[in-house]
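Chemist: After the structure tokens below, expect a handful of questions from me.
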Amino acid sequence: MRTDDPPSQVGNDPLSKVGDESLPPVGDVLAAIATGLWRWDNASGTVTLDAEAARLLGLPARAQTLTEAAVRSRFHPVDWNEIYGTVQLAVAEGTLAEARLRIMDDTGRRVLRTVRSRSKPVLHDATEAYELIGTLQEVSEPTPGTAARTPVTGDWRRSREAFLLDAGRALAEARSTEEVLRVAAGLSMPGFSPDGLAVFGVAGDRLSIIGHHGHQPGDDGPFSAMPLDTDYPAAEVVRTGRAVYLSSPEDYRRRYPAAWPLARRFERQSWAFLPLTVAGRTMGAWMAAFAYRVSFTPDERSVLTTVARMLAQALSRAGVAESERELTEGLQRSMLPMLGPRIPGMSVAARYVPTGGGLQVGGDWYDMIPLPNGRIAFVIGDVQGHDVRAAGLMGQLRIALRAYASEGHRPDAVLSRATRFLAGITESITYGSSGSGADESTVYDPRFATCLYVEADPATGVLELARAGHPEPAIRTSDGTVLQRPTAGGLPLGIDPDADYPTTRLVLEPGETMLICTDGLIETGGHDLDSGWARIRSTLEGYLGEDEEDGLELLADRLVQTVHGPTSHYTTGPLADRREDDIAVLLLSRTSRPEHRTDARRTVLTVAQAEPERVAGARRHLRELLHDWADDDQVDSAVLMVSEMLTNVLVHTDGDALLVAEVTGEPGARRLRAEVADASDDLPHKRQPGELASSGRGLVLMELLAGAWGVDPRGDGKSIWFELYEGAGASDGSAGGL
2 MRTDDPPSQV
12 GNDPLSKVGD
22 ESLPPVGDVL
32 AAIATGLWRW
42 DNASGTVTLD
52 AEAARLLGLP
62 ARAQTLTEAA
72 VRSRFHPVDW
82 NEIYGTVQLA
92 VAEGTLAEAR
102 LRIMDDTGRR
112 VLRTVRSRSK
122 PVLHDATEAY
132 ELIGTLQEVS
142 EPTPGTAART
152 PVTGDWRRSR
162 EAFLLDAGRA
172 LAEARSTEEV
182 LRVAAGLSMP
192 GFSPDGLAVF
202 GVAGDRLSII
212 GHHGHQPGDD
222 GPFSAMPLDT
232 DYPAAEVVRT
242 GRAVYLSSPE
252 DYRRRYPAAW
262 PLARRFERQS
272 WAFLPLTVAG
282 RTMGAWMAAF
292 AYRVSFTPDE
302 RSVLTTVARM
312 LAQALSRAGV
322 AESERELTEG
332 LQRSMLPMLG
342 PRIPGMSVAA
352 RYVPTGGGLQ
362 VGGDWYDMIP
372 LPNGRIAFVI
382 GDVQGHDVRA
392 AGLMGQLRIA
402 LRAYASEGHR
412 PDAVLSRATR
422 FLAGITESIT
432 YGSSGSGADE
442 STVYDPRFAT
452 CLYVEADPAT
462 GVLELARAGH
472 PEPAIRTSDG
482 TVLQRPTAGG
492 LPLGIDPDAD
502 YPTTRLVLEP
512 GETMLICTDG
522 LIETGGHDLD
532 SGWARIRSTL
542 EGYLGEDEED
552 GLELLADRLV
562 QTVHGPTSHY
572 TTGPLADRRE
582 DDIAVLLLSR
592 TSRPEHRTDA
602 RRTVLTVAQA
612 EPERVAGARR
622 HLRELLHDWA
632 DDDQVDSAVL
642 MVSEMLTNVL
652 VHTDGDALLV
662 AEVTGEPGAR
672 RLRAEVADAS
682 DDLPHKRQPG
692 ELASSGRGLV
702 LMELLAGAWG
712 VDPRGDGKSI
722 WFELYEGAGA
732 SDGSAGGL
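With the numbering used here, letter number 394 in the sequence shown gets 395, and the count goes up by one each step, no holes.
What follows is the structure, encoded as structure tokens:
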């Protein structure tokens, strides 16, 4: 054959000549360089080896065909798993499959040699079967670390595994699209790292840029809203679901001449565009651009493909979570009211903070209702559960309460009607067809709700409260003292349709602020009622008590930060788990002019005949009022005398007891005046009880402990009072008596 024959003919003759030299047969050449041939038929599960390939695998040096299992036993298990993934990637992308493999002896304990495999997949169009045709060649394993950029070294392999573990963990922890993109931008791949990233999504028939890194603001303009049929690599990836690797600017210009002018100004040298696929659907594309040339070996492609899969899963999870959060917040916003117009003489602030993820919507709510008599009703409550049904019941109950209040009913009547309403709509839920009823099924799903209803008179500050299993309100006085107000109450709504809800009356003095909230504000962070109230009290006490509405808004923010701010993780409660719950907060403050301000602390509460257990609450309430009193003995004396006076009213009369306690003066020289009134005209008389007498010591205690005391008759009953003076001891006899 002549040397000037066409090139296509030269390669057909193994003895063809180039100049004066003859090329030996291909088989002789491969044998001379210790390179074997193999073919892996995926359809039949067989592997065909020539003599040299068989020798390299530790088999007799002759051509033979073996089962896939027989050949697999000659490779190190870790290497076999890796080459299997490399082969799948090569089949998917139509590229070379290249890997370094350790050959084991018959026992599987000793490495005979290390070989390098390079193969090309041949696909069968009719089926999904494929063949791999390639070479095996013995190589020497370099010392780890001597070839950091060589993608087939054991050192690189270990670095890659560690990188993928870290990347997978970081992407799994990302909870929003923004966090996912931030994690992707911070990934440092072993041996090669892109300096430009972009994530493309699909909006209809166009590409959209979800986020990018390593570019200037505005650089994404030409690439956003591209039609999917555009000659751009990301668009092709979305259309075909196959990755595109461009290892040089020349390659980019040749394959995508229309898009090259847009990419040229970024001065990058290599690009990888990979599909973001979830559940078989391509949801977008990921671009990794490099400032230096990357050859995109099979190992490098494997890393990029794995990252792209993890990135797609993370973006999918984040998208679902964000959609659910948006649905949840939209549902809650549509059900929660806007606070009404400004109330003369009062300021109002409210907060609602959902805490569950996904569709963990809650049943917390608040409302502000103008009443026909000119007063304002404030409602706060919590429906049992954290699901869509709880949110739906919350909306229904809020509307029902607003309707009952607008009819002019008193607080006790509003809650009595509300409990019948909730019990009626939660008795059962029927699912199924509405025809003959054969396919219908009834599921019993009773729910209850806690609620606190407050009717406020802005002109006088009088508050009338009815409580249904809800946490009691707290009052912050003008001097910063915080009191948890004992309030009469009944069962939660929906438990007993015939339940009664007694009403408690109190007066909100100028400069005082009332807090009502759901239990999420108290118990979030592993707290119980006691430790939770202590945490809230410290925040309320630190409030400056401004009259302006902005001050109340600031207090609402501080309360939420106390529970959910960074410091909340260092103030967890006594319970083992850090429980989370929705939070609803409503603050009501009675404003006053500076010249009308007073430093007096004043509290009023009623102890009903039917609730003698509230005497204990009154004792606790008085201790809170005297929290900074200088003499602890005087505090104990005051608590003892108040307890005695209240108990006497409940034992010796048929009416309720009204306690009024007031602290006036400067710290260190203050005066406490406590007064208990009842509707009986019978005046108490001082007696000399015997040693075994069970009563008659009340006035004796007053004589011994009070700085001053007395009994005042009234037109509708009487009141007994005492005074204590801070800094003075027990009674010095200067005042007192009947």
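Ideal Cβ positions, reconstructed from N, Cα and C, are used throughout, including at glycine. In this text, all values refer to a predicted model and were calculated from it rather than measured experimentally.
Please report the distance separating the alpha-carbon of alanine 236 from that of alanine 309.
Modeler: If you take the alpha carbons of alanine 236 and alanine 309, they lie about 16 Å apart.
Chemist: Let's see if you can read the secondary structure: which residues bound the alpha helix (DSSP H) around glutamate 83?
Modeler: 78–94
Chemist: Helix, strand or coil for isoleucine 344, going by three-state DSSP, please let me know.
Modeler: strand
Chemist: Comparing C-alpha positions only, which one of Val116, Arg615, Leu589 sits nearest to leucine 647?
Modeler: Just measuring C-alpha positions, the residue of Val116, Arg615, Leu589 sitting nearest leucine 647 is Arg615.
Chemist: Alanine 658 by DSSP, collapsed to three states: which one?
Modeler: strand
Chemist: Grouping DSSP H, G and I as helix and E and B as strand, with all else coil, what is alanine 729?
Modeler: If DSSP states are grouped into helix, strand and coil, alanine 729 belongs with coil.
Chemist: Quick one: residues in its chain with C-beta nearer than 6 Å to the C-beta of glycine 552, no 5 flanking neighbours on either side, listed in chain order?
Modeler: none
Chemist: For the putative contact between arginine 63 and alanine 71, defined by C-beta atoms under 8 Å, what is the C-beta separation to the nearest angstrom?
Modeler: Not a contact, Cβ separation roughly 15 Å.
Chemist: Quick check on aspartate 51: does DSSP put it in helix, strand or coil?
Modeler: coil
Chemist: Report the partner residues of phenylalanine 723 according to the DSSP bridge assignment.
Modeler: BP columns for phenylalanine 723 point to Ala675, Trp710.
Chemist: Relative to the C-alpha of valine 1, which candidate in Glu667, Leu133, Val79 has its C-alpha closest?
Modeler: Given that the chain is displayed from residue 2 to residue 739, the structure contains no residue 1 and the question cannot be resolved.
Chemist: Less than 8 Å between the CB atoms is what I'm expecting for cysteine 452 and leucine 494, so what's the real figure, rounded?
Modeler: 6 Å
Chemist: Are there three or more Cβ pairs, one per stretch, closer than 8 Å when the stretch 518–527 is compared with the stretch 558–574?
Modeler: Yes: the two stretches touch, three or more of their Cβ pairs being nearer than 8 Å.
Chemist: Please return the same chain residues whose Cβ sits closer than 8 Å to the Cβ of proline 61, not counting the five positions on each side in sequence.
Modeler: Ala55
Chemist: Enumerate in chain order the residues of its own chain whose CB-to-CB distance from glutamate 625 is below 8 Å, with the five nearest sequence positions on each side excluded.
Modeler: Beyond the five residues adjoining it in sequence on each side, glutamate 625 comes within less than 8 Å, by CB distance, of Thr482, Val483, Leu484, Gln485 in the same chain, given in chain order.
Chemist: When the distance is taken between beta carbons, is valine 608 closer than 8 Å to aspartate 529?
Modeler: no
Chemist: Is the stretch 379–390 touching the stretch 627–637 in the sense that three or more CB pairs, one from each, lie closer than 8 Å?
Modeler: The stretch 627–637 vs the stretch 379–390: no contact.
Chemist: For the putative contact between leucine 277 and leucine 312, defined by C-beta atoms under 8 Å, what is the C-beta separation to the nearest angstrom?
Modeler: A Cβ-Cβ separation of about 6 Å places leucine 277 in contact with leucine 312 under the 8 Å criterion.
Chemist: Use the C-beta contact count for alanine 33: other C-beta atoms within 10 angstroms, 16 or more gives buried, fewer gives exposed.
Modeler: The residue is exposed, with fewer than 16 neighbouring Cβ atoms inside 10 Å.
Chemist: Can you have a look at glycine 375 and say buried or exposed, based on whether 16 or more other CB atoms are within 10 angstroms of its CB?
Modeler: exposed
Chemist: Residues in the same chain with beta-carbon distance under 6 Å from alanine 500, minus the five sequence neighbours each way, listed in chain order, please.
Modeler: Thr420, Gly491, Leu492
Chemist: Can the beta-carbon of leucine 587 be found closer than 8 Å to that of isoleucine 400?
Modeler: no
Chemist: Excluding the five sequence neighbours on either side, which residues of its own chain have a C-beta within less than 7 Å of the C-beta of glycine 46, listed in chain order?
Modeler: Apart from the 5 residues on each side of it in sequence, glycine 46 sits with its Cβ closer than 7 Å to the Cβ of Thr68, Glu69 in its chain, given in chain order.
Chemist: Look at the alpha carbon of glycine 512 and the alpha carbon of leucine 340, and state the distance between them as a whole number of angstroms.
Modeler: 21 Å
Chemist: Does the beta-carbon distance from alanine 406 to alanine 378 come in below 8 Å?
Modeler: yes
Chemist: Closest to cysteine 518 by CA distance: which of Val354, Leu398, Pro503 is it?
Modeler: Val354
Chemist: Between Leu97, Gly95, Thr115, which lies nearest to isoleucine 104 when the distance is taken from Cα to Cα?
Modeler: Comparing Cα positions, the closest option is Thr115.
Chemist: Identify, in the order they occur along the chain, each residue of the same chain with its Cβ nearer than 8 Å to the Cβ of serine 644, setting aside the five sequence neighbours on each side.
Modeler: Val616, Ala619, Arg620
Chemist: With a floor of 3 residues, list each beta strand (DSSP E) that falls wholly inside the stretch 489–558, ordered by position along the chain.
Modeler: 504–508, 514–518
Chemist: For alanine 273 versus tyrosine 246, is the C-beta distance shorter than 8 Å?
Modeler: Going by C-beta atoms, alanine 273 is nearer than 8 Å to tyrosine 246.
Chemist: To the nearest angstrom, how far is it from the Cα of arginine 1 to the Cα of arginine 559?
Modeler: The displayed coordinates of the chain run from 2 to 739. Any statement about residue 1 would go beyond what the structure contains.
Chemist: Just how far apart, CA to CA, sit glycine 699 and alanine 457?
Modeler: It is roughly 37 Å from the alpha-carbon of glycine 699 to the alpha-carbon of alanine 457.
Chemist: Return the CA-CA distance between serine 248 and arginine 40, expressed in angstroms with no decimal places.
Modeler: Looking at the two C-alpha atoms, the distance is approximately 29 Å.
Chemist: Taking all protein chains shown into account, decide if arginine 538 is buried (16 or more other Cβ within 10 angstroms of its Cβ) or exposed.
Modeler: buried
Chemist: In the DSSP output, which residue or residues are listed as bridge partners for valine 123?
Modeler: Glu132
Chemist: Relative to the C-alpha of threonine 741, which candidate in Ala469, Ala98, Ser209, Leu394 has its C-alpha closest?
Modeler: With the chain running from 2 to 739 in the structure shown, residue 741 is simply not present.
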